[in-house]
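Colleague: As they're listed, the protein sequences go chains A and B. Offset between the first sequence (1-based) and the working numbering: plus 13. Offset between the second sequence (1-based) and the working numbering: plus 7. Mind having a look at this structure? Questions to follow.
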Amino acid sequence: MAKKRDRSKKPAAAPPPVERPVKAAKPDKAIEVVPLPSEQPAFWFGYDVAWAKVWLFRVLVFGLLAIDALLQIRHAPRYGAGGFNVAQLPLLHDLGPSRVMYEVAQLVSAYLFILAAFGVATRVVVPCVTAIYAWLYFSSQLDSYQHHYLVALVLGIACFVPWQRPADATPSTPVRSWALRLILVQLAVLYLWAAISKMDPAWLDGRTLSGQITGPLRAVVDSSVGIKAAARFTIVVELALAFTVWMRPAWFIALPLGIGFHVSVLLSGLEIGLFAWLMLAMYVLVVPDRVWVRIAELRPLRGVLDRLRTDSDLVTGISVVLGSALAVALVAVACRFENALTVAVALGLVPIIIVVGRRLRGRRGGAIAGVAHLAGILVWLAVDRTTTVAVDYYRFWGGSQRRLGNAETAEVAYRKMISIAPGEGSGHYQLGRLLLKRGEEQAGLDELRKAQAIETARARAYVAEAQYLAGKGRGPEAIEKAREATYAEPDSKEANDLLTALTGQKREPGAGTPGSDDDSDQR
Amino acid sequence: MLSFLRWLGQTPHLGTLLSTWRGRAIALFLIAQLLLPILYFTRKDPHDERFAWRMFSPMRMARCLPTATIDGKPFNLATEFHEAWLEIASRGRFTVIEAMGARLCAKNPGSDVRLWIDCTYIDREPRSYGSYNICNVPEL
Numbered sequence: 014m015a016k017k018r019d020r021s022k023k024p025a026a027a028p029p030p031v032e033r034p035v036k037a038a039k040p041d042k043a044i045e046v047v048p049l050p051s052e053q054p055a056f057w058f059g060y061d062v063a064w065a066k067v068w069l070f071r072v073l074v075f076g077l078l079a080i081d082a083l084l085q086i087r088h089a090p091r092y093g094a095g096g097f098n099v100a101q102l103p104l105l106h107d108l109g110p111s112r113v114m115y116e117v118a119q120l121v122s123a124y125l126f127i128l129a130a131f132g133v134a135t136r137v138v139v140p141c142v143t144a145i146y147a148w149l150y151f152s153s154q155l156d157s158y159q160h161h162y163l164v165a166l167v168l169g170i171a172c173f174v175p176w177q178r179p180a181d182a183t184p185s186t187p188v189r190s191w192a193l194r195l196i197l198v199q200l201a202v203l204y205l206w207a208a209i210s211k212m213d214p215a216w217l218d219g220r221t222l223s224g225q226i227t228g229p230l231r232a233v234v235d236s237s238v239g240i241k242a243a244a245r246f247t248i249v250v251e252l253a254l255a256f257t258v259w260m261r262p263a264w265f266i267a268l269p270l271g272i273g274f275h276v277s278v279l280l281s282g283l284e285i286g287l288f289a290w291l292m293l294a295m296y297v298l299v300v301p302d303r304v305w306v307r308i309a310e311l312r313p314l315r316g317v318l319d320r321l322r323t324d325s326d327l328v329t330g331i332s333v334v335l336g337s338a339l340a341v342a343l344v345a346v347a348c349r350f351e352n353a354l355t356v357a358v359a360l361g362l363v364p365i366i367i368v369v370g371r372r373l374r375g376r377r378g379g380a381i382a383g384v385a386h387l388a389g390i391l392v393w394l395a396v397d398r399t400t401t402v403a404v405d406y407y408r409f410w411g412g413s414q415r416r417l418g419n420a421e422t423a424e425v426a427y428r429k430m431i432s433i434a435p436g437e438g439s440g441h442y443q444l445g446r447l448l449l450k451r452g453e454e455q456a457g458l459d460e461l462r463k464a465q466a467i468e469t470a471r472a473r474a475y476v477a478e479a480q481y482l483a484g485k486g487r488g489p490e491a492i493e494k495a496r497e498a499t500y501a502e503p504d505s506k507e508a509n510d511l512l513t514a515l516t517g518q519k520r521e522p523g524a525g526t527p528g529s530d531d532d533s534d535q536r
Numbered sequence: 008m009l010s011f012l013r014w015l016g017q018t019p020h021l022g023t024l025l026s027t028w029r030g031r032a033i034a035l036f037l038i039a040q041l042l043l044p045i046l047y048f049t050r051k052d053p054h055d056e057r058f059a060w061r062m063f064s065p066m067r068m069a070r071c072l073p074t075a076t077i078d079g080k081p082f083n084l085a086t087e088f089h090e091a092w093l094e095i096a097s098r099g100r101f102t103v104i105e106a107m108g109a110r111l112c113a114k115n116p117g118s119d120v121r122l123w124i125d126c127t128y129i130d131r132e133p134r135s136y137g138s139y140n141i142c143n144v145p146e147l
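The structure is reproduced here in structure tokens:
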């Protein structure tokens, strides 16, 4: 898609002749100048970027998006819950994903992002993952933050970037791409409108910012310039970025401002996931090419990566077969995401299809496909094992189904949660309550006691047992449990209130904390 | 309008840009990106800041309390809608609240379904939306 250059088919029918010659864009000194093939605006069609920069942008942005896709899996239980959906675009109401579809789509997206990061079949992979992302974003308002919209747009533009390594490319080989320029201009549009939206008295006097930032940045702001000045400075920075981020000569302004701005967003405590990191990754484009060229020339892995581009059928065969087999084995043994094994088996076909596709086009090699495949699956495992996403997925699934009155589905979710995280008290606690409600006394109490043993400093499992016993007329046992609840969590309002109610004795009202369910994904 | 576009096409740089499909796509994309946020100011729902790049604007601080009754009896929305939808409703997004109303009307044919939000803002007076039978008037 990106490779095909559009040459004007009807020069005679083109608009009136250009009055003055179009100046070629001033490229970075580190890369060679390639003349523009025809009289096209150099701003767009003469935008050259060093291959090292394209490579780094590709790796960082697609790598971050892969991680982000996996982190989104904890939101899957929202989708299709209660059979309700409102799409971003009315036509797409009925195309909203279900929980399973969303989860599988994010697993596949993460995998495809890793393939793209490795530069594997990008002309197919990037449009595919863009379509999946756009589907998930536009078919439901559930995750409708501005950054999801930005990613959808950037991915759409990214379909037209020549991501694959040009033949015999060195780090300084120029890659001409109007799409990379468009990504920068898109960022400028974002900054411009973000600044305009803040030109409001409630922002200018610091009220809005004051209600939004916490974290370490808040303390720094309060003890230095003050919140009002910080609010005004934010507008100035956004406006400055709007006018500089897309202009190579102004990058010396945009680079420190933009990086400083997004680092401060990272420190501000705003819950925007990986967005600030993604924006920082975008600034790879704003760093002068010569910096990346210089670093790339020092790159110690270059030899290894070059070897992966071998034409050897043996190496390619080993890479693809071993990569696919190892990926399935690893997922079977260690991955806790629901449906991961099925998806991994299906995705095992991808490197084979890529290699066969190359063969059909008369090209050999493709060993990198097997390596990228394995890397894609390893990223699943890394995110699964270093975060609580898989556990949260079942926790939120159980919680939402419980609240919507689907006790049986909630029970399935909690049992699955316990199977992957037996040391989490929440699963035992919720399952215990569900079982008691269904009349399975012994099983329910067993689960509550497991929760008590795990959550030694929380009252809720004791309270649940005490309430159940009290409801069964077993007063002394209930009082004993309520007492244990207050020992476990002396500040628990729920425990203290229950003990008061059961004993009839008035107790000192404390600044107790109310009991809470932790299976809501709106925590 | 046409003559304006023709004039645009005749300006030197735009002329060359618009002479290729890529150039036309870029121009269309940019015009859309520059103009779409303006639609925010024409929307009846001030809380809906989608597609407008209004990150962390004062409106983001609006808090709305969605409430429903069916035939005069209070209805707990949490038993029908996932909390993520309730969170969006608490930001006052009309399209979601209207869809909730439509769902309740479909589930309770012939009933009087009232759904409203009481919103507070940091830069304006509190305001309520709705409170009539949303089955008769399906919009806030």
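Heads up, the beta-carbon is just placed ideally off N, CA and C, and yes, glycines get one too. The structure presented is a predicted model; accordingly, all values stated were derived computationally and were not measured.
In chain order, which continuous runs of the beta strand (DSSP E) of length 3 or greater are located wholly inside the segment 53-133 of chain B?
Modeller: Correct list: 70-77, 80-82, 120-127.
Colleague: Please confirm if residue 38 (chain A) has its CB atom under 8 Å from at least one CB of chain B.
Modeller: Note that residue 38 (chain A) scores 46 on pLDDT, short of 50, meaning its location in the model is unreliable; the coordinates nonetheless yield the value given after this. No - not a single Cβ of chain B is within 8 Å of the one on residue 38 (chain A).
Colleague: Could you spell out the range, first to last residue, of the beta strand (DSSP E) harbouring residue 189 (chain A)?
Modeller: 187-189
Colleague: For residue 210 (chain A), name the three-state secondary structure that DSSP assigns.
Modeller: helix
Colleague: Quick one: Cα of residue 123 (chain A) to Cα of residue 268 (chain A), how far?
Modeller: A straight-line Cα-Cα distance of about 29 Å links residue 123 (chain A) and residue 268 (chain A).
Colleague: Using a Cβ-based criterion (distance less than 7 Å to any ligand heavy atom), does residue 485 (chain A) qualify as near the ligand SAH?
Modeller: What this structure holds is no ligand at all, so the ligand SAH is not there to describe.
Colleague: Three or more C-beta pairs closer than 8 Å, one from the segment 433-452 of chain A and one from the segment 464-473 of chain A: is that the case here?
Modeller: yes
Colleague: From B:120, B:79, B:132, pick the residue whose C-alpha is nearest to that of residue 142 (chain B); which is it?
Modeller: B:120
Colleague: So, residue 63 (chain A) versus residue 184 (chain A), is the Cβ gap smaller than 8 Å?
Modeller: yes
Colleague: Using only the alpha-carbon positions, how far apart do residue 206 (chain A) and residue 295 (chain A) sit?
Modeller: 18 Å
Colleague: What's the C-alpha gap between residue 411 (chain A) and residue 425 (chain A)?
Modeller: 8 Å
Colleague: Between the alpha carbons of residue 95 (chain B) and residue 288 (chain A), how many angstroms are there, rounded?
Modeller: Cα to Cα, residue 95 (chain B) sits roughly 20 Å from residue 288 (chain A).
Colleague: Would residue 221 (chain A) count as contacting chain B if we go by Cβ distances under 8 Å?
Modeller: yes
Colleague: Could you name the residues of the same chain whose beta carbon sits closer than 7 Å to that of residue 496 (chain A), not counting the 5 residues immediately before and after it, in chain order?
Modeller: 512
Colleague: Anything in the segment 84-112 of chain B with a Cβ closer than 9 Å to a Cβ of chain A? List those residues in chain order, please.
Modeller: 85, 86, 87, 88, 89, 90, 91, 92, 93, 94, 95, 100, 102, 103, 105, 106, 107, 110
Colleague: Label residue 477 (chain A) either buried or exposed according to how many other C-beta atoms from any shown protein chain fall within 10 Å of its C-beta, with 16 as the threshold for buried.
Modeller: buried
Colleague: Can you tell me whether residue 50 (chain B) is buried or exposed, with buried defined as 16 or more other CB within 10 angstroms of its CB?
Modeller: exposed
Colleague: Assuming residue 348 (chain A) contacts residue 405 (chain A) (C-beta within less than 8 Å), just tell me the rounded distance between them.
Modeller: About 15 Å separates the two Cβ atoms, so there is no contact after all.
Colleague: How many whole angstroms separate the CB atoms of residue 157 (chain A) and residue 226 (chain A), which I take to be in contact at a CB cut-off of 8 Å?
Modeller: With a Cβ gap of about 22 Å, residue 157 (chain A) and residue 226 (chain A) do not count as contacting.
Colleague: Looking at the unbroken beta strand (DSSP E) that takes in residue 61 (chain A), where does it start and where does it end?
Modeller: Segment 61-63, the beta strand (DSSP E) holding residue 61 (chain A).
Colleague: Report the neighbours of residue 58 (chain B) on chain A: residues whose CB is nearer than 9 Å to its CB, in chain order.
Modeller: 101, 159, 162
Colleague: Give the DSSP-derived three-state secondary structure of residue 135 (chain B) in the structure shown.
Modeller: Note: residue 135 (chain B) maps to strand in three-state DSSP.
Colleague: Against chain B, which members of the segment 277-289 of chain A pass a CB distance test of less than 7 Å?
Modeller: Here the close residues number zero.
Colleague: Which residue comes first and which comes last in the alpha helix (DSSP H) that contains residue 219 (chain A)?
Modeller: From DSSP, residue 219 (chain A) is part of no alpha helix (DSSP H); its letter is neither H nor E.
Colleague: Touching or not, the segment 76-91 of chain A and the segment 110-130 of chain A, by the rule of three or more beta carbon pairs under 8 Å?
Modeller: yes
Colleague: Please report the straight-line C-alpha distance between residue 116 (chain A) and residue 92 (chain A), rounded to a whole angstrom.
Modeller: The C-alpha of residue 116 (chain A) lies about 9 Å from the C-alpha of residue 92 (chain A).
Colleague: Could you tell me which of B:69, B:81, B:130, B:53 sits nearest to residue 138 (chain B), measuring between CA atoms?
Modeller: B:81
Colleague: Cβ of residue 75 (chain A) less than 8 Å from any chain B Cβ?
Modeller: no
Colleague: Going along chain B, which residues have a C-beta under 9 Å from residue 211 (chain A)?
Modeller: 61, 62, 63, 64, 65
Colleague: Is the segment 98-117 of chain B touching the segment 243-252 of chain A in the sense that three or more CB pairs, one from each, lie closer than 8 Å?
Modeller: no
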